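In numbering that gives the first Met the number 0, the protein residues as written are 0 to 178. Glycine included, each C-beta is placed from N, C-alpha and C at the ideal position. What you are looking at is a predicted structure, and each value in this text was computed from that prediction instead of being measured. Here is the structure we will look at.
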Amino acid sequence: MSDGKVRSDGLTRSEFVSETDNVSLHTAVVNSPSLKRNIRIVYPVRRQSGKVATALLFSADIHLRAADIHRFYKARFQIEFLFRDAKQSAGLPDCQARCEISPDFRFNACMTALNLMKWESRRIAQSDFNPGCSVASVKIRNFNGYLLERFCSISGIDFSSIKSSDAYHQIINLGAIAA
């Protein structure tokens with residue numbers, strides 16, 4: 000802070016709160032002219048692999064603890080990523096139902112599909128063939144597996160002999176996002 004203005008490159012008047020998981024939290028109560036009130040800002044600093052990542056979070060409740068504000072923002076972004084993945088990969092916005100209960104069913108079906116894709120992604124991440132851990136990669140792998148099985152069934156090739164080879168995993172992971 001300098002001359003009553005907050006500068007995010009170095010919060011000299013901020014109070015150090017805690018350090019957990021390579022993230023140190025700093026906080027201060029400052030006045031926001033645009034909101035016309037005091038706000039609590041939280042400045043998390045993450046140091047990992049020689050790089051420094053920072054953010055500037057705030058809350059209008061100045062009595063809220065800095066750790067709680069940081070936890071709320073983390074939860075908010077996880078929820079946003081969940082809805083982003085549901086829209087991009089599970090077809091959440093594709094429902095055109097007119098009945099009142101159908102959108103609820105569609106929402107539950109999309110979230111279930113998304114959870115199954117995330118489970119599959121984590122299962123693959125623990126295996127020897129780990130090209131990446133994303134919902135889009137799981138979708139690509141499943142499509143590639145279906146397409147390969149379809150080619151084998153049409154051409155009369157024994158699919159079980161192909162599935163046990165290393166080339167199968169290379170073909171399945173074709174187009175998957177590398178981590």
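Inter-residue spacing [alpha-carbon to alpha-carbon] between residue i and residue j
{"i": "G84", "j": "S133", "result": "The sequence as given places Asp at residue 84; Gly does not occur at that position. Approximately 9 Å between the Cα atoms of the pair."}
{"i": "P102", "j": "A96", "result": "7 Å"}
{"i": "P130", "j": "S120", "result": "For P130, the pLDDT reaches just 47, beneath the cut-off of 50, and the residue's location in the model is therefore unreliable, although a value from the coordinates is still provided. The alpha-carbon atoms of P130 and S120 are separated by roughly 10 Å."}
{"i": "L146", "j": "P92", "result": "26 Å"}
{"i": "S35", "j": "S58", "result": "With the sequence shown as reference, residue 35 is identified as Lys, and Ser is not the correct amino acid for it. Their backbone Cα atoms lie some 13 Å apart in a straight line."}
{"i": "A112", "j": "S17", "result": "38 Å"}
{"i": "L115", "j": "K86", "result": "15 Å"}
{"i": "A166", "j": "N172", "result": "10 Å"}
{"i": "D157", "j": "F80", "result": "40 Å"}
{"i": "S164", "j": "W118", "result": "24 Å"}
{"i": "S160", "j": "I153", "result": "16 Å"}
{"i": "F76", "j": "N37", "result": "24 Å"}
{"i": "T19", "j": "F71", "result": "16 Å"}
{"i": "V137", "j": "N107", "result": "19 Å"}
{"i": "Q47", "j": "I78", "result": "24 Å"}
Assigned secondary structure, residue i (DSSP; H/G/I helix, E/B strand, else coil)
{"i": "P32", "result": "coil"}
{"i": "L55", "result": "coil"}
{"i": "S152", "result": "helix"}
{"i": "S120", "result": "helix"}
{"i": "R97", "result": "coil"}
{"i": "I38", "result": "strand"}
{"i": "L24", "result": "strand"}
{"i": "S133", "result": "coil"}
{"i": "S88", "result": "helix"}
Distance CB(residue i)-CB(residue j) smaller than 8 Å
{"i": "R45", "j": "N30", "result": "no"}
{"i": "A135", "j": "I170", "result": "no"}
{"i": "L56", "j": "I40", "result": "yes"}
{"i": "V28", "j": "I61", "result": "yes"}
{"i": "G174", "j": "N141", "result": "no"}
Own chain, CB closer than 6 Å to residue i, minus 5 neighbours either side, in chain order
{"i": "E14", "result": "T26"}
{"i": "T53", "result": "V44"}
{"i": "R105", "result": "C94"}
{"i": "K73", "result": "none"}
{"i": "I139", "result": "G174, A175"}
{"i": "A89", "result": "C109, A112, L113"}
{"i": "S23", "result": "V44"}
{"i": "A65", "result": "V16, L24, T26, V41"}
Chain D contact for residue i (CB, 8 Å cutoff)
{"i": "F104", "result": "The structure shown contains no chain D; it is built from a single protein chain."}
Same chain, Cβ closer than 8 Å to residue i, five either side skipped, listed in chain order
{"i": "F82", "result": "L91"}
{"i": "F150", "result": "I156"}
{"i": "V51", "result": "V44, R45"}
Beta-carbon proximity list for residue i, same chain, < 7 Å, skipping 5 on both sides
{"i": "K162", "result": "none"}
{"i": "E181", "result": "This structure does not reach residue 181, given that the chain is present from 0 up to 178, and the question cannot be answered."}
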